[in-house]
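Novice: Residue numbers (mature numbering (1 follows the signal peptide of the UniProt record, and there is no 0)): -20 to -1, 1 to 383.
Idealized CB from N, CA, C, for every residue including glycine.
None of these values were measured; they are calculated from a predicted model.
Have a look at this one.
Below, the structure written as C-alpha cells:
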C-alpha cells in the first residue's frame, strides 16, 4: 500500500469514555477532527485503541512498564507540538491511575533492579517541569534512587536486571541513560553525566563488531550464559530492535550532555559509526530486517519497530548535525519505507502499524538462546507500543523537516 502518495484525510476522534475512576476526566468529550500528519494520526488512533493508558502493550491489569513510558513520552511530544489538550489529558489520566499523591508508582518495585522500569521517568520529569506537582518529583526520585543502588559490572556498566546478573543489553542503554542524563540536567547533578557517557562507551567497547559494523544484542561479563560466546561473552546475532534502542539512546543523551563534556565527541563518533553500520543493511524498501545482517535467509522479515527507531536516529542525528547529509537521505528513505510497508489505513479513519516483533530477549524461563531461529519465531503484532512510540517520534521529526 503506497500510503505516502495518498492525501492525508481528516478523521474523527470519537468521544472516549472516562477511565475507571469517575474523578478522572475524559480524553475528549466531543468529536475531534485530526487532519495533521502521521504523528498525530497515530497518537489519536492509539488513544482510540487504548482509552485507558494502562492497557497499552495488551495488558489485562495495570503494570508499570517501559512500553508505557515510551508511548507517554511520544504523546507528550505530540502535545507539545500541537497544543491539543487531549494528549496531555491522556497522560494525566494514566499518571492519576498509576501514581498516588505520595509519588508511589503502582506495581513498581525498586528491589527488582530492572533497568526497564526507569524509562517512564523521562515523561515524568517533563510533567514535573510543566506542572510543578510534587508527587511527580517524588516518583522521579524513586526511579533515580534505583539507579544509585543498581547492580553493576566490574567496569561500572549497569546490569540489565537483577535476574540477569553480569549482563548488559543494548536495550538497557535506552532505558537508563537518557533518563539519567535528563535527570542530571533538570535536577542539577552534573557529576552524573560521566556515568551516563560511560554506560554507552562500555557497551560500545564490548558489543560492537568491526566486521559487520553492527552491535551484538548483549554482553555477559561472566561468560556463563548459554547464549554467550565462551570467549567474548557476546550473544550471537544482531537483532534489529536492540540496535535501534541503542541508536535512539545516543541521540537522546546528546540532548542533555553538556557541549563541553569531555566524552561528548566520543558519543557522537559512536553515533557516526553506528549510522555507517546500519545503512549497509538497509533494504531497497528503506526498511530493515528482524535479524539485520541476514536479509536473504529463510524466515527473516522486514520489521517495523527497528525501522522506526533507525528512522528516528538518522533523521534526528542529521538534523542536530551529528550525522552527514547521506544519513538524512537514508532516514527519509527509511521513514517513507515505513509508510509504504507497514502503515495501514483502518476503516474507522485511524492508522495501524504492522509487522512489529512482539518481544525478544535472552535467557529466562523458558530459556531464550539468542539463535537466528529464536528471533524470527517470536510473535509478530500490530500496534505494539514498541512500534507505535518510535513511529510517532520519527514522524514528528520528519514532519518538522518538511514544514
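For residue 157, which of helix, strand or coil comes out of DSSP?
Specialist: helix
Novice: Would you call residue 128 buried or exposed, if buried means 16 or more other Cβ atoms sit within 10 Å of its Cβ?
Specialist: exposed
Novice: Around the Cβ of residue 66, are there at least 16 other Cβ atoms within 10 angstroms (buried) or fewer (exposed)?
Specialist: Taking every protein chain shown into account, the CB of residue 66 has 16 or more other CB atoms within 10 angstroms, so this residue is buried.
Novice: Starting from the Cα of residue 46, find the closest Cα among 103, 161, 239, 76 and give me that residue.
Specialist: 103
Novice: How far does the alpha helix (DSSP H) with residue 315 in it reach, from first residue to last?
Specialist: Residue 315 -> alpha helix (DSSP H) spans 305 to 321.
Novice: Per DSSP, what kind of secondary structure is residue 195 in: helix, strand or coil?
Specialist: strand
Novice: Hey, out of 211, 291, 371, whose CA is closest to residue 25's CA?
Specialist: 371
Novice: In whole angstroms, give me the CA-to-CA distance for residue 70 and residue 30.
Specialist: 10 Å
Novice: Rounded to whole angstroms, what's the CA-CA distance from residue 252 to residue 227? Just pull it up for me.
Specialist: Cα to Cα, the separation comes out at about 10 Å.
Novice: For a test of the three-state rule: what should DSSP assign to residue 374, helix, strand or coil?
Specialist: Correct three-state label for residue 374: helix.
Novice: With 9 Å set as the bound, which would you pick, yes or no: does the beta-carbon of residue 27 sit closer than that to a beta-carbon of chain C?
Specialist: In summary, chain C is missing from the structure at hand, where a single protein chain is found.
Novice: Please report the straight-line C-alpha distance between residue 9 and residue 27, rounded to a whole angstrom.
Specialist: Any answer about residue 9 is weak, because its pLDDT of 27 lies below 50 and its placement is not dependable; what the coordinates show is given next. One C-alpha to the other measures close to 13 Å.
Novice: Taking residue 149 and residue 198 to be in contact with their CB atoms under 8 Å, please state how far apart those CB atoms are, rounded to whole angstroms.
Specialist: 4 Å
Novice: Go ahead and label residue 138 buried or exposed: buried means 16 or more other beta carbons lie within 10 angstroms of its beta carbon, across all protein chains shown.
Specialist: buried
Novice: Check the DSSP bridge columns for residue 332 and list the partner residues they point to.
Specialist: 324
Novice: If we ignore side chains and look at the alpha-carbon of each, how far apart do residue 106 and residue 210 end up?
Specialist: 43 Å
Novice: Hey, could you find the ends of the alpha helix (DSSP H) residue 225 is sitting in?
Specialist: Counting along the chain, the alpha helix (DSSP H) containing residue 225 begins and ends at 220 to 233.
Novice: Grab me the residues of residue 332's own chain with a C-beta within less than 6 Å of its C-beta, minus the 5 sequence neighbours each way, in chain order.
Specialist: 324, 326, 362, 363
Novice: Identify the continuous alpha helix (DSSP H) that holds residue 139 and give its terminal residues.
Specialist: Residue 139 -> no alpha helix (DSSP H), and no H or E assigned at all.
Novice: Taking the Cβ atom as the reference point for each residue, do residue 223 and residue 284 lie within a distance shorter than 9 Å?
Specialist: no
Novice: Looking at residue 50 and residue 365, is the spacing between their C-beta atoms short of 9 Å?
Specialist: yes
Novice: Taking residue 208 as the reference, give the member of 351, 134, 36, 59 with the closest Cα.
Specialist: Of the residues 351, 134, 36, 59, the one whose Cα lies closest to the Cα of residue 208 is 351.
Novice: Report all residues from its chain with a CB closer than 7 Å to the CB of residue 158; omit the five preceding and five following residues, and keep chain order.
Specialist: 102, 229, 232, 233
Novice: Quick check: what's the CA-CA separation for residue 375 versus residue 341?
Specialist: 27 Å
Novice: Please state whether DSSP places residue 123 in a helix, a strand or coil.
Specialist: helix
Novice: Starting from residue 148, follow the beta strand (DSSP E) in both directions and report where the run begins and ends.
Specialist: 147 to 149
Novice: Take the Cβ of residue 143 as the centre, count every other Cβ of all protein chains shown within 10 Å, and call the residue buried at 16 or more, exposed below.
Specialist: exposed
Novice: Could you check if residue 99 is buried or exposed, using at least 16 other CB atoms within 10 Å of its CB as the buried criterion?
Specialist: Buried.
Novice: Please report the Cβ distance between residue 295 and residue 308, rounded to the nearest whole angstrom; I am assuming they are in contact, meaning their Cβ atoms lie under 8 Å.
Specialist: 7 Å
Novice: Return the chain-ordered list of same chain residues with a C-beta closer than 6 Å to the C-beta of residue 267, the five sequence neighbours on each side being excluded.
Specialist: 282, 287, 317, 321
Novice: For residue 75, does the count of other Cβ atoms within 10 angstroms reach 16, so buried, or fall short, so exposed?
Specialist: Classification of residue 75: buried, given that the 10 Å Cβ count is 16 or more.
Novice: Just checking my contact of residue 152 with residue 95 at CB under 8 Å: how many whole Å lie between their CB atoms?
Specialist: Contact between residue 152 and residue 95 holds: their C-beta atoms lie close to 4 Å from each other, under 8 Å.
Novice: Starting from the Cα of residue 20, find the closest Cα among 68, 250, 290 and give me that residue.
Specialist: 68
Novice: For residue 22, which option in 368, 380, 378 has the closest C-alpha, if you only look at C-alpha atoms?
Specialist: 368
Novice: To the nearest angstrom, report how far apart residue 359 and residue 279 are at their CA atoms.
Specialist: 13 Å
Novice: So does residue 344 have its beta carbon nearer than 8 Å to some heavy atom of the ligand FMN?
Specialist: This structure lacks the ligand FMN, and indeed carries no ligand of any kind.
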